[in-house]
Amino acid sequence: MLVKDVLLQLQATIRRAAETIYQVIHSAHANATHNLIIMA
Numbered sequence: 121m122l123v124k125d126v127l128l129q130l131q132a133t134i135r136r137a138a139e140t141i142y143q144v145i146h147s148a149h150a151n152a153t154h155n156l157i158i159m160a
């Protein structure tokens, strides 16, 4: 499953923990993207 698909799924989830999980995955994805740009 792609990161964008996971984030969309979490946005549709009403559970309280989904917001925290969304933030963690979003942050991890942003960090990985940033690190790839730096290493290139």
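Using the numbering used here, the first residue of the sequence shown is number 121, and each one after it goes up by one. Even glycine gets a Cβ: it sits at the ideal position worked out from N, Cα and C.
**Study point:** Helix, strand or coil at Ile-134 according to DSSP, with G and I counted as helix
**Key:** Correct three-state label for Ile-134: coil.
Point to revise | Contacting residues, own chain, Cβ-Cβ under 8 Å from Ile-141 (five flanking each side not counted) | key: Closer than 8 Å at Cβ, skipping near neighbours: Leu-130.
Review point. To the nearest whole angstrom, what separates the beta carbons of Ile-145 and Val-123, a pair I think is in contact under 8 Å?
Key: About 7 Å separates the beta carbons of Ile-145 and Val-123, which is inside the 8 Å limit, making them a contact pair.
Check your understanding: What number of angstroms, rounded off, separates the C-alpha of His-149 from the C-alpha of Ala-137?
Key -> Straight across, the Cα-Cα distance linking His-149 with Ala-137 is about 18 Å.
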